[in-house]
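Asks: Structure below; questions to follow.
Rendered as structure tokens:
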């Protein structure tokens, strides 16, 4: 679709619409970008940042909207301080808590597939020791991986706070809560 047709049809309304149109352009179709389908008309545009694929933008193809999920300097843009379950992070090492406060996504952060209007986000606050190891096996540390999980809606807004998860039952309860909240708000 040509630029003027896209705007004439009213599909590029507001900042989210304009960003969507940009991300559908040729620049974002090639390395260092890649687009991955997340089901339900959603997709993620990832970018290589410091040799790793990072989820930069969330695309809503059904509504022709896009949202910046992570900045170029690896800061989560749609996660606010109130979107983190601080009481559940209290027992974590101070370095992991500091990264959460900064909303730093320097370590692996992934957006999962959408189901019933929500997607899981895994946000690693500290990698295991293998992350620091070089190709010759040197530099490995005794660090334990620390990952927190949350759920987002189609606008990349957090609907269930980020927190550590100890088992699949706890994760499933979070998903059910996310789906209920989105359904109650009619967000999908």
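Residue numbers (my numbering): 14 to 201. Just so you know, even glycine gets a beta-carbon here, dropped at the ideal spot from N, CA and C.
Rounded to a whole number of angstroms, what is the C-alpha to C-alpha distance between residue 16 and residue 31?
Replies: Any reading at residue 16 must be qualified, since the residue scores a pLDDT of 42, below 50, and its modelled position is unreliable; the value itself is stated next. So the two alpha carbons sit approximately 10 Å from each other.
Asks: Could you check the C-alpha separation between residue 81 and residue 182 for me, to the nearest Å?
Replies: Rounded to whole angstroms, residue 81 to residue 182 spans 31 Å at the Cα level.
Asks: Quick check on this structure: which residue in 180, 164, 129 and 105 has the alpha carbon closest to the alpha carbon of residue 158?
Replies: Of the candidates 180, 164, 129 and 105, the one whose C-alpha sits nearest the C-alpha of residue 158 is 105.
Asks: With a CB to CB cut of under 6 Å and the five nearest residues on each side skipped, what residues in its chain are close to residue 137?
Replies: Within the same chain, residue 137 has close Cβ partners 120, 121 and 160.
Asks: What first and last residue would you give for the beta strand (DSSP E) that runs through residue 178?
Replies: Per DSSP, residue 178 belongs to no beta strand (DSSP E) and is neither H nor E.
Asks: Could you pull the start and end residues of the alpha helix (DSSP H) that residue 110 belongs to?
Replies: 107-115 is the extent of the alpha helix (DSSP H) around residue 110.
Asks: Nearest-angstrom Cα distance between residue 192 and residue 123?
Replies: For residue 192 and residue 123, the distance between alpha carbons rounds to 19 Å.
Asks: Quick one: what does DSSP say residue 191 is sitting in, helix, strand or coil?
Replies: Reduced to three states, the DSSP call for residue 191 is helix.
Asks: Beta-carbon separation of residue 118 and residue 102 under 8 Å?
Replies: Not closer than 8 Å, so no.
Asks: With H, G and I counted as helix, E and B as strand and the rest as coil, what does DSSP make of residue 44?
Replies: It is coil, neither helix nor strand.
Asks: By the DSSP assignment, the beta strand (DSSP E) with residue 120 in it spans what residues?
Replies: Careful: residue 120 lies outside any beta strand (DSSP E) and carries neither H nor E.
Asks: Name the two residues that bound the continuous alpha helix (DSSP H) containing residue 199.
Replies: From DSSP, residue 199 is part of no alpha helix (DSSP H); its letter is neither H nor E.
Asks: Can you tell me whether residue 133 is buried or exposed, with buried defined as 16 or more other CB within 10 angstroms of its CB?
Replies: Buried: at least 16 other Cβ atoms inside 10 Å.
Asks: Find the nearest neighbour of residue 35 within the set 169, 45 and 72, judged by alpha-carbon distance.
Replies: Taking only the C-alpha atoms, the option nearest residue 35 is 72.
Asks: In the DSSP assignment, what are the bridge partners of residue 32?
Replies: Paired residue(s): none; residue 32 is not in a bridge.
Asks: Helix, strand or coil, according to DSSP, for residue 54 in the structure here?
Replies: Coil at residue 54, not helix or strand.
Asks: So for residue 96, helix, strand or coil by DSSP?
Replies: Three-state result, residue 96: helix.
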